[in-house]
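Chains as they are written, first to last, in this note's numbering: chain L, 3 to 340; chain G, 3 to 340.
There are 2 protein chains.
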Amino acid sequence: MASEILNHAFRLASRPVGLPTRENWDFTEQPVGEPADGEALVRVLYLSLDPAMRGWMNDARSYVAPVAIGEVMRAFAIGRVIDSRHPELKVGDHVSGLLGVQEYAVVDRRGLHKIDPALAPLPVYLSALGMPGMTAYFGLFDVGRPEPGQTVVVSGAAGAVGGLVGQLAKLKGARVIGIAGGPEKCRYVVDQLGFDAAIDYKAENVASALRRHCPDGIDVYFDNVGGEILDAALARLARNARVVICGAISQYNATEGIAGPRNYMSLLVNRASMTGFMVMDYVNRYGEAGREMAGWLERGELQSQEDIVTGLSTFPETLLRLFTGEHNGKLILRVAED
Amino acid sequence: MASEILNHAFRLASRPVGLPTRENWDFTEQPVGEPADGEALVRVLYLSLDPAMRGWMNDARSYVAPVAIGEVMRAFAIGRVIDSRHPELKVGDHVSGLLGVQEYAVVDRRGLHKIDPALAPLPVYLSALGMPGMTAYFGLFDVGRPEPGQTVVVSGAAGAVGGLVGQLAKLKGARVIGIAGGPEKCRYVVDQLGFDAAIDYKAENVASALRRHCPDGIDVYFDNVGGEILDAALARLARNARVVICGAISQYNATEGIAGPRNYMSLLVNRASMTGFMVMDYVNRYGEAGREMAGWLERGELQSQEDIVTGLSTFPETLLRLFTGEHNGKLILRVAED
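Below you can see the structure in the form of structure tokens.
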């Protein structure tokens with residue numbers, strides 16, 4: 003049965019230099035395989051588009067292996083089981099996992115996590131209740147550790163993680179300043195997400211805006227972007243500040259090597275720390291975090307924001323929106339109706 | 003009486019660009035003032051020459067005010083009281099404090115700390131029992147926190163702080179790799195100070211040498227130098243590594259801005275931290291640390307290394323040795339016989 007279904011997929015054709023282009027992808031059509039014992043066949047419904055995907059396209063040692071040339075592009079996604087050879091998975095069950103940029107996936111049970119569409123809309127499982135939510139939760143609470151009344155600054159503030167970080171920091175009683183690109187995003191994080199203020203890095207000098215908005219310095223800086231904005235934040239740290247390194251999206255397409263933070267000696271003068279983390283290290287605590295996040299969502303104290311684009315075939319262009327900043331909240335590709 | 007004594011001092015004449023030159027100094031001769039109530043007149047015996055002095059010469063906001071033009075250059079020193087108007091200070095007492103680059107200093111009691119020449123030779127109070135010792139002790143034990151069997155790498159390994167850091171890490175059961183410039187210094191840290199190995203950054207590729215010497219990665223990197231060596235160490239971090247930012251001597255005379263660590267994203271991949279500290283924050287624990295250090299010195303388990311140059315007039319040239327690396331251990335200027 004399944005073998006008669008044709009599956010469309012985006013496979014990595016070549017490794018990009020700078021921004022990925024159409025030429026870096028092969029769009030292929032092949033029959034779907036049958037699930038073996040312990041596997042399920044899953045219809046892909048929603049694909050998560052993440053900055054980390056750019057790194058997976060490079061042939062470089064990192065926390066996971068690169069995607070091989072010819073391989074289906076790796077992607078986290080939500081799907082529905084349409085055939086199963088594992089007793090715990092029934093046809094109709096909803097699951098999340100690394101399903102890849104394609105219409106159908108055959109996946110081992112151990113790579114799938116069951117989710118409940120009655121608790122939250124499916125896209126929220128890729129946003130506040132998914133990786134961005136867990137990243138914001140553990141990065142802010144475990145690494146940043148803001149205290150009530152402290153000043154938290156977050157870059158990429160209108161993005162999937164940044165928007166959640168700011169809201170979570172507000173829930174903990176901190177003052178929150180967001181950094182985002184353009185007046186619309188700045189209005190969005192203040193009016194929609196409840197940040198105390200926002201800095202438009204495309205229109206303002208970030209360093210002087212931070213001096214104005216953070217007269218007592220920055221206690222927690224949550225960095226999603228790297229580059230000059232990280233430098234501006236380092237220059238404004240308060241004593242004992244914590245810098246959380248979550249990403250460096252300004253640098254992922256750099257062709258001449260990453261720019262290091264010139265102001266890192268501010269760590270010394272201010273007795274501050276800069277710490278990296280990987281959300282996957284907290285996998286044993288996802289349940290606990292998810293329950294707390296779900297409670298805030300249900301009570302309307304937290305908003306999960308998704309920007310949903312429809313159509314698998316738009317993948318190459320939609321992915322670029324991550325780097326051009328043409329989205330608010332979590333960027334998701336809808337592959338099929340549930 | 004005192005007012006008849008002529009004092010010679012080095013005063014800041016102009017702010018250097020790059021390495022300080024003779025032209026940046028005024029060598030002045032003036033009568034010594036009388037101590038007022040609560041003050042003492044101190045004969046300066048030993049001056050500590052520190053990389054931090056270069057920063058004090060800049061007109062930049064930092065953890066202390068810059069030295070003003072025309073002001074006696076700030077320096078930590080050891081001296082002997084020759085006149086006193088404070089009951090706790092007797093003529094003949096030995097003291098440490100910020101006495102300045104001069105022959106005599108009039109200082110308030112609160113700026114002086116009494117030391118005991120029977121416990122250790124006076125220069126040791128500027129070395130293992132002074133700032134370098136406290137810096138190594140708290141930077142390594144409080145920030146770096148090496149565990150037995152872990153790999154510790156220290157740059158500036160033949161310097162005042164680096165040589166102590168390596169020895170302290172050995173005392174805690176760590177494997178210690180030093181980075182230093184030239185074969186003599188490398189031999190010195192291995193043969194004299196007991197490091198497990200040394201890398202000559204002037205002759206070897208530091209990145210590949212670190213791969214060879216640290217097959218399981220670096221658990222603690224204690225950085226005194228910044229620049230390319232910091233980058234090479236970042237590229238070799240082990241999971242959960244701690245990078246201690248103590249200094250960046252390779253950058254202090256940079257005229258085109260500091261080079262930031264391009265490999266800082268290694269902090270993310272390796273869930274590592276980079277933390278700055280200031281030894282003065284530990285002032286309440288100097289006593290505790292000093293007692294432990296004195297015990298190790300007495301039992302021959304720790305060596306305090308000093309490189310002593312004689313003559314106040316050599317100050318401008320002797321200071322440069324810090325940046326050209328022409329010294330082993332703590333660089334000290336002897337101003338007078340005790």
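The beta-carbon is built from N, C-alpha and C at its ideal position, and this holds for glycine as well.
If you count every other CB in all the chains shown that lies within 10 Å of the CB of residue i, and 16 or more means buried, which is it?
i	result
residue 236 of chain G	buried
residue 316 of chain G	exposed
residue 39 of chain L	exposed
residue 71 of chain G	exposed
residue 133 of chain G	buried
residue 340 of chain G	exposed
residue 304 of chain L	buried
residue 66 of chain L	exposed
residue 95 of chain G	buried
residue 62 of chain G	exposed
residue 276 of chain G	buried
residue 281 of chain G	buried
residue 218 of chain G	exposed
residue 208 of chain L	buried
residue 289 of chain G	exposed
residue 302 of chain G	exposed
Can you check whether the CB of residue j is closer than 7 Å to the CB of residue i?
i	j	result
residue 156 of chain G	residue 78 of chain G	no
residue 64 of chain G	residue 271 of chain L	yes
residue 246 of chain L	residue 180 of chain L	no
residue 46 of chain L	residue 337 of chain L	yes
residue 327 of chain G	residue 183 of chain G	yes
residue 220 of chain L	residue 211 of chain L	no
residue 269 of chain L	residue 278 of chain G	yes
residue 35 of chain L	residue 264 of chain G	no
residue 262 of chain L	residue 266 of chain G	yes
residue 51 of chain G	residue 333 of chain G	yes
residue 335 of chain L	residue 49 of chain L	yes
residue 138 of chain L	residue 93 of chain L	no
Between which residues of its own chain and residue i is the CB-CB distance below 6 Å, once the five residues before and five after are set aside?
i	result
residue 177 of chain G	153, 198
residue 274 of chain G	239, 243
residue 298 of chain G	304
residue 318 of chain G	24, 27
residue 108 of chain L	35, 37, 41, 43
residue 228 of chain L	250, 252, 253
residue 215 of chain G	179, 199
Please go through the same chain and pick out, in chain order, the residues whose beta-carbon is closer than 7 Å to the beta-carbon of residue i, but skip the five residues on each side of it.
i	result
residue 175 of chain L	150, 151
residue 18 of chain G	26, 59
residue 226 of chain G	157, 158, 161, 163, 164, 248, 249, 251
residue 57 of chain L	64, 254
residue 284 of chain L	136, 140
residue 234 of chain G	208, 209, 212
Can you give me the C-alpha to C-alpha distance between residue i and residue j, rounded to a whole angstrom?
i	j	result
residue 29 of chain L	residue 129 of chain L	27 Å
residue 135 of chain G	residue 145 of chain G	15 Å
residue 117 of chain G	residue 97 of chain G	5 Å
residue 195 of chain G	residue 172 of chain G	10 Å
residue 9 of chain G	residue 32 of chain G	5 Å
residue 325 of chain L	residue 204 of chain L	14 Å
residue 82 of chain L	residue 148 of chain L	39 Å
residue 23 of chain G	residue 16 of chain G	10 Å
residue 294 of chain G	residue 53 of chain L	50 Å
residue 114 of chain G	residue 254 of chain G	29 Å
residue 329 of chain L	residue 169 of chain L	18 Å
residue 110 of chain G	residue 206 of chain G	50 Å
residue 7 of chain L	residue 106 of chain L	9 Å
residue 314 of chain L	residue 308 of chain L	17 Å
residue 320 of chain G	residue 69 of chain L	56 Å
residue 185 of chain L	residue 14 of chain G	49 Å
residue 323 of chain L	residue 300 of chain L	29 Å
residue 241 of chain L	residue 91 of chain G	35 Å
Quick one: residues in its chain with C-beta nearer than 8 Å to the C-beta of residue i, no 5 flanking neighbours on either side, listed in chain order?
i	result
residue 102 of chain G	11, 46, 74, 75, 76, 77, 79
residue 296 of chain L	121, 122, 131
residue 126 of chain L	132, 299, 306, 308
Any C-beta of chain A sitting closer than 7 Å to the C-beta of residue i?
i	result
residue 280 of chain G	The structure shown contains no chain A; its protein chains are L and G.
If contact is defined by three or more beta carbon pairs under 8 Å, each pair taking one atom from either stretch, is the stretch 183-196 of chain L in contact with the stretch 158-170 of chain L?
yes
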